[in-house]
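Engineer: First, the structure itself, so that you have it in front of you.
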Amino acid sequence: MRWFRFARWCCKVFCNLFFRIHVYGRENVPGKGAVVLVGNHQSYLDPVLCGISLKRSLYFLARDSLWKIRFFGWLISSVNTIPVKQGKADLSAMRKVIGKLKEGWGVCIFPEGTRTSDGKITPFKPGFGLLCRRGEAAVVPFVIDGAFECWPRHKKIFSPGRIDVCFGKVITAGEVANMSDSELADVLTDTLRRMQTESRIKRGKEPYNYQ
């Protein structure tokens, strides 16, 4: 826990040096208890941006191929990251996530599965609803906007700029329990697209067309 807080402080210093970060709706995230934070995936910065925006410690998910680089694998493991096998259901990772939720942790996930290629939010892949129900967790949607402009997937290095992180209203564990996986995925996709549109209008940016 102490190492996580130190790493978060280092990341916060780094981000504040290069980016103008604005956080909205932080009060919507429960201070304790099981919660799944569901966000859009704009850049490599996304897990860091979520982590430094909140006071509570979190767990994150990442593809297992990142552990092939030994030092990097050690580093992300030390900041509460769970490896997930790609291309198939990873039952071991699912059990770990459900276990952490039952212990009262928060878990951050990006259900698009990969970074956006154009800044738009692609439909979420269903399946994470099972984790939420088994872990008896509430869900908080959050949207990141501006990270794509700062570090798109086709660039090797980032550029300074403004990034907004907006947390939406909580969906209670009871509400999640009454939704199917596809319903939850659709609701959250629509919610994040709406939040992104509102954020871009507020910043004077042209909203993405989702028609």
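The numbering of the sequence shown is the working numbering, which starts it at 23 and goes up by one.
The C-beta atom is built at its ideal place from N, Cα and C for all residues, glycine as well.
Computed from a predicted model, the values in this text were never measured in an experiment.
Take A195 as the anchor and find which of Y66, P52, G47, Y46 has the nearest alpha-carbon.
Structural biologist: P52
Engineer: Looking at L67: is its Cβ nearer than 9 Å to the Cβ of F180?
Structural biologist: yes
Engineer: Can you give me the start and stop residues for the alpha helix (DSSP H) that L210 sits inside?
Structural biologist: 203-224
Engineer: Mind listing, in chain order, the continuous alpha helix (DSSP H) runs of no fewer than 4 residues lying wholly within the segment 126-187?
Structural biologist: If we require 4 residues or more, the alpha helix (DSSP H) runs fully inside the segment 126-187 come out as 150-156, 169-172.
Engineer: Terminal residues of the continuous beta strand (DSSP E) containing L88?
Structural biologist: Here L88 belongs to no beta strand (DSSP E), and DSSP marks it neither H nor E.
Engineer: Spell out the partners DSSP gives V45 in its beta bridges.
Structural biologist: V187
Engineer: Considering only residues of the same chain and omitting the five flanking positions on each side of I223, which have a CB-CB separation below 8 Å?
Structural biologist: P229
Engineer: Where R78 and L59 are concerned, what is the direct C-alpha to C-alpha distance, given to the nearest angstrom?
Structural biologist: 12 Å
Engineer: In terms of residues, what are the limits of the alpha helix (DSSP H) holding I120?
Structural biologist: Segment 113-124, the alpha helix (DSSP H) holding I120.
Engineer: Would you tell me roughly how many angstroms separate the C-alpha atoms of S139 and E125, rounded to the nearest one?
Structural biologist: Taking the straight line from one Cα to the other gives about 36 Å.
Engineer: Run the CB neighbour count on R215, radius 10 Å, all protein chains shown included, and call it buried at 16 or more, exposed below.
Structural biologist: buried
Engineer: Considering only residues of the same chain and omitting the five flanking positions on each side of K107, which have a CB-CB separation below 6 Å?
Structural biologist: D86, listed in sequence order.
Engineer: Whole angstroms is fine: what's the gap from A199's alpha carbon to I98's?
Structural biologist: 31 Å
Engineer: Taking the alpha carbon of C188 as the reference point, which residue from G157, E171, I43 has its own alpha carbon closest?
Structural biologist: I43
Engineer: Inspect the beta-carbon positions of G157 and K110 and report whether they are closer than 9 Å.
Structural biologist: no
Engineer: To the nearest angstrom, how far is the alpha carbon of L206 from that of G226?
Structural biologist: When only Cα atoms are considered, L206 and G226 end up about 30 Å apart.
Engineer: How would you write the range of the beta strand (DSSP E) that I104 sits in, first residue to last?
Structural biologist: 103-106
Engineer: Would Q218 be called buried (16 or more neighbouring beta carbons within 10 Å of its own) or exposed?
Structural biologist: That one is buried.
Engineer: What residues are listed by DSSP as bridge partners for L97?
Structural biologist: Looking at the DSSP assignment, L97 forms no beta bridge with any residue, so it has no partner.
Engineer: By Cβ distance, which residues of its chain are closer than 7 Å to A169, with the 5 residues on each side in sequence left out?
Structural biologist: Result list for A169: Q64, S65, L67, D68, L71, I185, in chain order.
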